[in-house]
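full-length UniProt numbering puts the first residue of the sequence shown at 1, with every later residue one more than the last.
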Amino acid sequence: MTTLLEAFAARVARTPNDPALLDPSGKITTNAELDRRSTAFAAQILKRGLRKGDRVLVAAPVTSELYVTLAGIWKAGLVAVFPEPALGLRGLLHAIRVTRPVALATAGRYWLLRLLPALWRMHWLEASRTGDDTFQSPEVTPDDPALISFTSGSSGAPKGILRSHGFLMAQNAAVSPLLASDGTERDLVGFPVFALVNLAAGRCTVLPNWKLTRQDRAEIEKIRDWITRSGATRLLLPPAICEKLAATGVPSSISTIFTGGGPVFPDTIQRLRHQRPDLRVVAVYGSTEAEPIAHIGTESISDADWAEMEAGGGLLAGPPVPGLELRLVDGEIQVSGDHVNSGYIDPAQDAGDKIREDARIWHRTGDAARMDTQGRLWLLGRWRADGISQPMPLQVETSARYWPGVSRAALVRLNDESAVLAIEGDPLHLHEWRRNAETHGVGNVVHVKSIPMDKRHASKVDERQLRRQLAPLC
Numbered sequence: 001m002t003t004l005l006e007a008f009a010a011r012v013a014r015t016p017n018d019p020a021l022l023d024p025s026g027k028i029t030t031n032a033e034l035d036r037r038s039t040a041f042a043a044q045i046l047k048r049g050l051r052k053g054d055r056v057l058v059a060a061p062v063t064s065e066l067y068v069t070l071a072g073i074w075k076a077g078l079v080a081v082f083p084e085p086a087l088g089l090r091g092l093l094h095a096i097r098v099t100r101p102v103a104l105a106t107a108g109r110y111w112l113l114r115l116l117p118a119l120w121r122m123h124w125l126e127a128s129r130t131g132d133d134t135f136q137s138p139e140v141t142p143d144d145p146a147l148i149s150f151t152s153g154s155s156g157a158p159k160g161i162l163r164s165h166g167f168l169m170a171q172n173a174a175v176s177p178l179l180a181s182d183g184t185e186r187d188l189v190g191f192p193v194f195a196l197v198n199l200a201a202g203r204c205t206v207l208p209n210w211k212l213t214r215q216d217r218a219e220i221e222k223i224r225d226w227i228t229r230s231g232a233t234r235l236l237l238p239p240a241i242c243e244k245l246a247a248t249g250v251p252s253s254i255s256t257i258f259t260g261g262g263p264v265f266p267d268t269i270q271r272l273r274h275q276r277p278d279l280r281v282v283a284v285y286g287s288t289e290a291e292p293i294a295h296i297g298t299e300s301i302s303d304a305d306w307a308e309m310e311a312g313g314g315l316l317a318g319p320p321v322p323g324l325e326l327r328l329v330d331g332e333i334q335v336s337g338d339h340v341n342s343g344y345i346d347p348a349q350d351a352g353d354k355i356r357e358d359a360r361i362w363h364r365t366g367d368a369a370r371m372d373t374q375g376r377l378w379l380l381g382r383w384r385a386d387g388i389s390q391p392m393p394l395q396v397e398t399s400a401r402y403w404p405g406v407s408r409a410a411l412v413r414l415n416d417e418s419a420v421l422a423i424e425g426d427p428l429h430l431h432e433w434r435r436n437a438e439t440h441g442v443g444n445v446v447h448v449k450s451i452p453m454d455k456r457h458a459s460k461v462d463e464r465q466l467r468r469q470l471a472p473l474c
């Protein structure tokens, strides 16, 4: 099998009546129903005159409709364009400018987007529950483009990334061992791309009952209730949701939590397991351009590892995943492999992030790290042009989360390059924070009401916003 379409078709043939997706409404979509409805949508697309390779802008809620739409687009040989949802309308208009789609595929309330002048000339597509499911499907090869997504834009304008069907299969091969299980699992998935892996593997995906664009506003009691009602056995969630869950306790039905999309701090893992020592937590490290890069489960973290992280050794990310080539150049993580993006839609954006060495392309992650004697990565923070300087953000931030009264910490450098440690928490401990920070070589500690976080997963510090916030205080 060379594409996800082929992998899913094989799954449908073997287990047509098995559940594929569970919506927050309680509706179950079987493998056969997803196959039938996506085929009907593909037939509808081709009847509208669209041709193989055309780009389709996708705007749909994260329900079964999204995966019906995506599968239908692929079966018709078209390319799905996903704007960066956390950027809202701005992200959508940016995606239109960069990719020039010829059609808009919507579901639910997103049909209102047709009112935007920028979309008036596009074909409008909406998957229906009925329709002709017979059509001549174009041949889809591994080299054909499958989807376009965007980086978060945290360091500038979002960069468009084109993934081929072959790339998606390589990513599936990298992720599948991580999610493999001897039992029958039902995964609550907060990262839509991982649902594709489950569809190919035949696992039921429980779709989220909260807005993925506003992770910070997710109501944890509603999520806990959904975990119980859905019968979920595993969770794939960003750290922001895990922190909320750690405060309320993990339901007994959950055996494993996979988390990533931002730093996975050891104190969060330990609080998740406080009342559930049997709970397995897996921290996954990667980026939009290369997912996954490394991962580690709690069963592989020793007492010495926990102590080293608390003392300021950095954040343990684990060994690189099989099939990935990884090197450290002046302390920066650089990766190459079949599931590593080789370039952006705009080649002008490659210069700062891609290194071409003969036939090999290395992606510069912009993350600093060290490698221990066991071949495991320890993340240190964002890489700087002058290499690894002291102190590095994740060394101090990880340690600071163990200090009394600290909820969150962020080490940033202002224009004069001086390091400032911003701490969100109880200011009654400010004197102690400053004393502890001095042991890490940080002389400036500032209490802030809240540390701004990224819009995508609410799990990474928005450094640009924080610098603006700190400027009047420093």
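C-beta: ideal position from N, C-alpha, C; glycine also.
{"Query": "So the beta strand (DSSP E) Ala410 belongs to, where does it begin and stop?", "Result": "Val406 to Arg413"}
{"Query": "Within the same chain, show all residues whose beta-carbon is closer than 7 Å to that of Leu466, passing over the 5 residues directly before and after it, in chain order.", "Result": "Ala410, Val412, Ala422, Ile451 and Pro452"}
{"Query": "For the structure I just gave you, are there three or more beta carbon pairs, one from the region 183 to 193 and one from the region 233 to 242, closer than 8 Å?", "Result": "yes"}
{"Query": "Step through the CB atoms of chain C and report whether any lies within less than 7 Å of the CB of Gln44.", "Result": "Absence of chain C from the displayed structure is noted, only one protein chain being present."}
{"Query": "Helix, strand or coil: which one does DSSP assign to Tyr344?", "Result": "strand"}
{"Query": "Quick one: measure Cβ to Cβ for Asp23 and Thr63, integer angstroms, because I've assumed they're closer than 8 Å.", "Result": "5 Å"}
{"Query": "His429 lies in the beta strand (DSSP E); which residues open and close that run?", "Result": "Counting along the chain, His429 falls outside any beta strand (DSSP E), and DSSP gives it neither H nor E."}
{"Query": "At the level of alpha carbons, what is the spacing between Val98 and Gly261?", "Result": "24 Å"}
{"Query": "Within 10 angstroms of the Cβ of Thr373, are there 16 or more other Cβ atoms? Answer buried if so, exposed if not.", "Result": "exposed"}
{"Query": "Give me the DSSP bridge partner(s) of Trp124.", "Result": "Leu104"}
{"Query": "DSSP on Val321, reduced to helix/strand/coil?", "Result": "coil"}
{"Query": "Which term fits Glu463, buried or exposed, when burial requires 16 or more other beta carbons within 10 angstroms of its beta carbon?", "Result": "buried"}
{"Query": "Note down, in chain order, each residue of its chain lying with its Cβ closer than 7 Å to the Cβ of Asn31, except the 5 sequence neighbours on either side.", "Result": "Arg11, Val12, Thr15, Pro16, Asp18 and Ala20"}
{"Query": "Mapping the DSSP letters down to three states, classify Trp362 as helix, strand or coil.", "Result": "strand"}
{"Query": "Between the Cα of Asp458 and the Cα atoms of Leu212, Val406, Pro404 and Leu394, which residue gives the shortest distance?", "Result": "The amino acid occupying residue 458 in the given sequence is Ala; Asp does not appear at that position. Residue Leu212 is the option with its Cα nearest to Ala458."}
{"Query": "Fully enclosed by the region 275 to 335, which alpha helix (DSSP H) runs are 4 residues long or longer?", "Result": "303 to 311"}
{"Query": "Between the region 208 to 227 and the region 44 to 51, do at least 3 Cβ pairs fall closer than 8 Å?", "Result": "no"}
{"Query": "Take Gln395 as the anchor and find which of Gly91, Ala170, Pro319 and Val264 has the nearest alpha-carbon.", "Result": "Val264"}
{"Query": "Please classify Gly166: does DSSP put it in a helix, a strand, or coil?", "Result": "helix"}
{"Query": "Taking the beta carbon of Gln171 as the centre, do at least 16 other beta carbons fall within 10 Å, making it buried, or is it exposed?", "Result": "buried"}
{"Query": "Does DSSP classify Phe258 as helix, strand or coil?", "Result": "strand"}
{"Query": "Per DSSP, what kind of secondary structure is Arg382 in: helix, strand or coil?", "Result": "strand"}
{"Query": "Ordered along the chain, which non-local residues of its own chain (more than five positions away) have a Cβ less than 6 Å from that of Ser342?", "Result": "Ile361"}
{"Query": "Residues in its own chain within less than 6 Å of Val406 by CB, not counting five upstream and five downstream?", "Result": "Ala400, Ile423 and Gly425"}
{"Query": "Which residues share a DSSP beta bridge with His447?", "Result": "Ile423"}
{"Query": "Which same chain residues end up closer than 7 Å to Leu237 when comparing Cβ atoms and leaving out the 5 residues on each side of it in sequence?", "Result": "Gly190, Ile257 and Thr259"}
{"Query": "Would you give the residue range spanned by the alpha helix (DSSP H) that Ser38 belongs to?", "Result": "Asn31 to Lys47"}
{"Query": "Going by alpha carbons, who is nearest to Thr141 out of Leu116, Arg121, Ala157 and Leu168?", "Result": "Leu168"}
{"Query": "In three-state terms, what does DSSP make of Pro83?", "Result": "coil"}
{"Query": "Pull up the CB-CB distance for Leu104 and Leu57, whole angstroms please, since I reckon it's below 8 Å.", "Result": "5 Å"}
{"Query": "Given that a residue counts as buried once 16 or more other Cβ atoms are within 10 Å of its Cβ, and exposed if not, what is Asn415?", "Result": "exposed"}
{"Query": "Suppose you measure from the CA of Pro85 to the CA of Leu92; what does that come to, to the nearest Å?", "Result": "8 Å"}
{"Query": "Gly318 to Ile301, Cα distance in whole Å?", "Result": "9 Å"}
{"Query": "Which first and last residues belong to the beta strand (DSSP E) in which Ala471 is found?", "Result": "First-last for Ala471: undefined, no H or E at that position."}
{"Query": "Alpha carbons only, please: which of Pro145, Cys204, Ala9 and Leu188 is nearest the one belonging to Ile28?", "Result": "Cys204"}
{"Query": "Relative to the alpha-carbon of Trp222, which residue among Ala200, Leu245, Asp144 and Pro239 has its alpha-carbon at the smallest distance?", "Result": "Note on residue identity: the sequence assigns Lys, not Trp, to residue 222. It is Leu245."}
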